[in-house]
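Everything below concerns the one structure shown next.
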Amino acid sequence: GEQLLYFAKLKGLSTSEGKKVILQWLERFEASDWIKQEVGELSKGMSQKIQFIATILHDPDIAIFDEPFSGLDPINSELLKTVILELKAQGKTILFSTHRMEQVEQMCDDIALFNEGQVVLTGNLSEIKSSFGENTVLLEYEGDGSFIDAIEHVRINNRSNRFAEIRILEGQTASAILKKAIEQVEVKKFEQVEPSLTEIFISTVNSTKGMGSAT
């Protein structure tokens with residue numbers, strides 16, 4: 100508790116204001132008991148929550164976090180996501196780094212994807228996904244889907260015995276894939292879909308490597 104109060108004072112809060120805000124946030128994160136513990140006794144997940152509180156306890160307009168979900172279990176990850184989205188709804192600007200693409204898709208408006216320290220893609224998330232979605236189709240079917248393995252100029256993103264998410268590469272078309280599917284199986288659904296951010300990242304990195312050292 101003393102460390103959080105120290106940070107609160109550094110950021111302009113009085114002792115009484117700091118104690119009030121700290122208790123509110125500790126209760127929100129179900130961490131009230133921490134106030135009696137030493138920092139070295141905290142788990143990684145608890146340390147992450149305390150660091151988060153230290154960053155936002157003075158109600159900043161901009162907050163920056165480095166891997167804020169690291170060390171958190173699913174319940175606390177969901178709680179932290181909810182808090183961040185609430186801050187976002189209040190008009191706060193939130194910047195954070197993460198390797199968990201599903202969180203980016205659920206929370207972010209704008210993104211920057213890095214590979215080996217270099218920005219490989221940046222922009223509005225919805226616009227990026229829409230542009231990549233033009234070349235991705237979802238096929239749901241009943242029957243023997245082994246024919247999918249023989250389709251050229253595609254990359255299979257996700258697949259089970261009843262569906263496949265297919266990335267269409269140069270030299271292939273959606274209509275040709277649909278024709279083959281109709282010939283081989285009973286097609287339940289065939290539609291263009293937005294690829295996952297993971298697939299977009301992989302595709303972007305692969306295309307960047309293909310460019311070699313060109314600038």
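Numbering (my numbering), first residue to last: 100 to 314.
Cβ atoms here follow ideal geometry from the backbone N, Cα and C, with glycine treated the same way.
Predicted model only: the values in this text are computed from it and were never measured.
Residues bridged to residue i [DSSP beta-bridge criterion]
i, result
"G222", "I210"
"A263", "L238, R258"
"Q291", "V236"
"Q217", "N214"
"V286", "Y240"
Backbone CA spacing between residue i and residue j [nearest angstrom]
i, j, result
"S245", "N257", "14 Å"
"N214", "V304", "7 Å"
"S131", "W124", "9 Å"
"Q271", "E251", "7 Å"
"K287", "N234", "20 Å"
"N223", "M200", "15 Å"
"S302", "P159", "36 Å"
"S306", "I247", "23 Å"
"E185", "Q291", "32 Å"
"L238", "F262", "5 Å"
"L179", "L109", "24 Å"
"S169", "Q147", "7 Å"
"L171", "S230", "33 Å"
"V253", "S259", "16 Å"
Chain-order list of residues whose beta-carbon lies under 6 Å from that of residue i (same chain, five-residue window excluded)
i, result
"T192", "I161"
Cβ shell of residue i (< 8 Å), same chain only, five flanking positions each side left out
i, result
"I227", "I210, L220, I299"
"S196", "F164, D165, E166"
"M145", "A130, W133"
"G111", "H157"
"I255", "I247, A263, E264, I265, R266"
"E116", "A107"
Own chain residues within Cβ distance below 7 Å of residue i, not counting five before or after
i, result
"A118", "Here residue 118 is Lys; the residue named in the question, Ala, does not match the sequence. Excluding positions up to five away in sequence, the list reads L104."
"D208", "N223, L224"
Per the contact definition of three or more C-beta pairs closer than 8 Å, is the stretch 290-301 in contact with the stretch 191-208?
yes
Counting Cβ pairs, one atom from each stretch, are 3 or more of them under 8 Å apart for the stretch 263-277 and the stretch 208-227?
no
Start-end ranges of the beta strand (DSSP E) lying completely within the stretch 140-197, minimum 3 residues
Those beta strand (DSSP E) runs which fall completely within the stretch 140-197 and span 3+ residues are 161-165, 192-196.
At least three beta-carbon pairs within less than 8 Å, the stretch 103-111 to the stretch 149-167
yes
Contact between the stretch 233-244 and the stretch 280-289 (3+ Cβ pairs under 8 Å)
yes
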